[in-house]
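One structure below.
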Ligand code: ZN
Ligand code: ZN
Ligand code: FE
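In my numbering, the protein residues as written are 58 to 801.
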């Protein structure tokens with residue numbers, strides 16, 4: 058554009074001095090045509106005196122003390138680098154670590170800021186002359202690409218058998234022969250096998266002791282993925298985006314699937330991703346179109362990311378090991394997303410998104426840490442107008458995961474350039490993270506779990522007014538010491554009122570009881586039903602699919618009578634668990650959320666068989682109940698959602714032999730309608746927040762959104778953070794900030 062002047066980096070960001078005819082056009086295009094990885098937080102311009110430059114130069118950076126230069130997430134290989142590794146003439150032909158300014162590892166290799174090679178795990182690989190020349194040439198795609206490398210100077214892979222013997226090749230033949238490989242990737246190890254080989258998949262499932270938890274797969278390309286799953290335009294964009302997440306997509310029905318059935322038993326969905334590193338593309342030179350790619354960890358423990366750890370921990374699981382010598386500094390699981398209501402919902406936010414910050418509209422005056430919850434934890438560091446969420450760190454009840462949390466907390470402070478001076482934590486006294494916060498020397502603020510879920514969404518939308526939030530969740534410690542989880546909270550970061558909730562029902566064994574959903578069903582029905590109602594339904598617990606041993610029933614009877622180890626709960630998650638078990642869909646939980654996920658899957662499969670689209674409202678089958686009733690009644694502490702009649706009618710249908718999937722479908726509809734009816738009963742007309750882990754349920758969420766649309770109710774949902782506990786810490790930050798500001 059014939060612009061003259063200069064550009065440099067400073068602690069304010071990028072400065073450009075521009076002189077020319079089309080300055081305004083230049084400024085507009087500069088912001089509109091940014092490179093794929095650029096993310097402009099803010100920009101502005103002002104007029105200065107004309108100097109009369111004759112050319113345009115990149116001038117040396119000003120010393121950037123306390124610079125707010127953001128660290129990039131890791132980025133999937135770009136098309137140019139892909140062309141390089143496929144070109145036999147290119148010096149990076151088949152080089153598994155090719156990258157450039159537009160792609161490659163970032164966050165996972167960064168030890169400290171500023172982001173320069175000596176501060177990354179690439180420091181161990183001095184540049185060869187050719188790479189150094191590319192690095193120094195402003196016209197080269199690899200100009201200032203910190204991880205730049207080639208086969209001559211960069212990291213290398215190594216294939217080992219289980220005895221530690223070095224073998225030639227990439228493991229492609231071994232994969233094709235049905236072996237299980239432990240492969241070191243970008244953020245950690247994967248366990249990998251041919252997804253079309255049932256014997257290999259079964260062996261992996263058995264060795265990993267993974268229960269029924271679905272495996273994610275990597276498809277050779279979009280075309281292959283489309284043979285197995287239906288993909289909307291948004292889903293394709295996500296698959297091919299620089300973040301390259303696992304996309305939970307609807308599985309194609311029919312017999313044509315080439316995938317082993319053990320990949321995702323009981324599910325109507327499949328987690329799919331595309332190759333995102335050069336190494337993945339090289340692996341797909343093999344004769345398979347789909348690979349199982351599951352995080353390599355031991356049951357409940359965090360992701361394995363070091364060679365030595367993998368060789369020791371995965372012996373007996375993996376037949377071969379494909380290692381490399383580039384260290385991973387921040388272990389990062391694959392991110393998982395699902396498109397719900399046409400928009401992306403983060404189920405697990407990690408590789409490809411972290412450490413991208415989320416803006417905060419009320420500045421955080423005192424740099425702060427929020428430690429998050431207990432399950433699916435991610436913490437948050439925030440200062441001024443930016444909040445940085447950590448990657449998914451797993452369940453803190455596992456000690457190794459809790460150590461990983463502490464390790465990442467140390468190193469993440471460098472990445473975010475934030476040293477906390479205060480800490481926010483959950484109200485639950487027994488969370489590992491709560492104890493950690495209480496042991497610290499910082500000022501502490503405790504935050505109610507569902508209040509944080511509400512405020513998290515408000516913050517993401519930059520909203521500060523009081524709104525109604527419908528928080529449907531697994532579990533959270535309530536202000537009355539009970540386990541909350543189906544809450545209608547009205548408020549903002551400054552406080553909340555509880556306007557309505559699911560009636561309290563007895564949860565035997567507390568949160569641990571979630572693993573035995575049949576016990577929950579038993580306890581709920583026994584409590585809700587009259588003696589005569591119970592008499593007619595007791596037989597349910599003797600059926601093959603829902604059998605509860607006699608001694609367990611007597612034990613539960615005693616528990617319910619004495620109240621020992623019985624906790625009243627209003628949890629949505631436990632309601633779904635109970636229904637799932639009662640229908641015989643899932644009576645034994647092998648991973649968190651399984652009963653609810655399989656309930657949704659059964660409902661969706663049935664609805665699809667009837668030609669009903671999720672959320673569709675006109676369907677009104679002959680001879681069927683429109684819905685199961687939820688009773689909304691006023692009580693001392695607000696409206697209470699009663700499920701007595703709901704269970705009674707469901708039990709009638711079960712006894713009448715109605716298909717479980719059909720009952721599951723109408724149950725989803727009943728919950729959705731109860732949510733919207735309650736909003737209407739509360740005579741609330743403002744925007745409504747929908748948040749909490751249950752809103753990862755597509756069938757329920759889309760139905761609620763449809764009903765809200767019919768009532769002209771505006772819906773606010775999580776956009777860049779997970780609706781579940783992976784987004785909790787952000788809400789904690791905003792609430793604690795209000796509390797601390799008040800104290801100042
Ligand atoms: Zn590239
Ligand atoms: Zn080189
Ligand atoms: Fe939660």
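All C-beta atoms in this analysis are idealised placements derived from N, C-alpha and C, irrespective of residue type, glycine included.
Residue environment, residue i, which counts as buried when at least 16 other CB atoms sit within 10 Å
| i | result |
| --- | --- |
| residue 588 | exposed |
| residue 647 | exposed |
| residue 334 | buried |
| residue 594 | buried |
| residue 98 | exposed |
| residue 592 | exposed |
| residue 164 | buried |
| residue 336 | buried |
| residue 549 | buried |
| residue 342 | exposed |
| residue 613 | buried |
| residue 643 | buried |
| residue 742 | exposed |
| residue 700 | buried |
| residue 753 | buried |
| residue 495 | exposed |
| residue 799 | exposed |
| residue 247 | buried |
For residue i, three-class secondary structure by DSSP
| i | result |
| --- | --- |
| residue 598 | helix |
| residue 74 | strand |
| residue 675 | Low confidence applies here, because residue 675 scores a pLDDT of 48, under 50, leaving its location unreliable and the question unanswered by this model. |
| residue 275 | strand |
| residue 503 | strand |
| residue 438 | strand |
| residue 350 | strand |
| residue 160 | strand |
| residue 358 | coil |
| residue 241 | strand |
| residue 541 | strand |
| residue 725 | helix |
| residue 612 | helix |
| residue 748 | strand |
| residue 551 | coil |
| residue 227 | coil |
| residue 526 | strand |
| residue 102 | coil |
| residue 564 | strand |
| residue 535 | coil |
Other residues of its chain near residue i: CB distance less than 6 Å, five sequence neighbours each side excluded
| i | result |
| --- | --- |
| residue 202 | 157 and 158 |
| residue 732 | 527 and 761 |
| residue 559 | 543, 627 and 698 |
| residue 72 | 65 |
| residue 440 | 421, 424 and 475 |
| residue 397 | 755 and 758 |
| residue 657 | 754 and 756 |
| residue 508 | 553 |
| residue 453 | 431, 434, 459, 489 and 490 |
Neighbourhood of residue i by C-beta distance below 7 Å, restricted to the same chain and skipping five residues each side
| i | result |
| --- | --- |
| residue 199 | 157, 158, 191, 192 and 205 |
| residue 473 | 412, 438 and 445 |
| residue 100 | 88 |
| residue 77 | 58, 59, 60, 61 and 83 |
Close beta carbons around residue i, own chain, < 8 Å, minus the five adjacent residues each side
| i | result |
| --- | --- |
| residue 208 | 148, 149 and 152 |
| residue 625 | 539, 540, 561, 562, 563 and 564 |
| residue 674 | Model confidence at residue 674 stands at a pLDDT of 47, short of 50, so the residue's coordinates are unreliable and nothing is read from them. |
Stretch-stretch touch, CB-based, cutoff 8 Å, three pairs: the segment 251-258 with the segment 302-310: Short answer: they don't touch.
Inter-stretch contact at 8 Å, needing at least 3 Cβ pairs: the segment 382-392 / the segment 401-420: For the pair of segments examined, the segment 382-392 was found to touch the segment 401-420: the number of CB pairs separated by less than 8 Å reaches three.
The segment 376-385 / the segment 220-229 touching (three or more Cβ pairs under 8 Å): Here the segment 376-385 makes contact with the segment 220-229; the two share three or more CB pairs at distances below 8 Å.
Around ligand 2, Cβ to any heavy atom closer than 7 Å, ordered along the chain: Ordered by chain, the residues meeting the criterion of a beta-carbon within less than 7 Å of a non-hydrogen atom of ligand 2 are 184, 185, 187, 188, 206, 207, 209, 210 and 211.
For ligand 1, residues whose Cβ lies under 5 Å from any non-hydrogen atom: With 5 Å as the limit, the residues whose C-beta approaches a heavy atom of ligand 1 more closely than that are 135, 138, 157, 159 and 160, in chain order.
Any 3 or more C-beta pairs closer than 8 Å across the segment 126-139 and the segment 409-422: Put simply, the segment 126-139 touches the segment 409-422. At least three CB pairs are less than 8 Å apart.
The segment 336-355 in contact with the segment 181-196 per 3-pair CB rule at 8 Å: The segment 336-355 is not in contact with the segment 181-196.
The segment 509-528 touching the segment 464-479, judged by at least three CB pairs closer than 8 Å: Segments in contact, no.
Segment contact flag, the segment 441-451 with the segment 482-490, C-beta cutoff 8 Å, min 3 pairs: Not touching, per the Cβ criterion.
Contact the segment 756-776 vs the segment 724-742: 3+ CB pairs below 8 Å: Contact check between the segment 756-776 and the segment 724-742: three or more CB pairs, one atom from each, fall below 8 Å, which counts as touching.
At least 3 beta-carbon pairs within less than 8 Å: the segment 578-587 vs the segment 603-621: Two segments are said to touch when three or more pairs of C-beta atoms, one from each, lie closer than 8 Å; by this definition the segment 578-587 touches the segment 603-621.
Inter-stretch contact (C-beta, 8 Å, three-pair minimum) for the segment 656-672 and the segment 714-728: Touching, yes.
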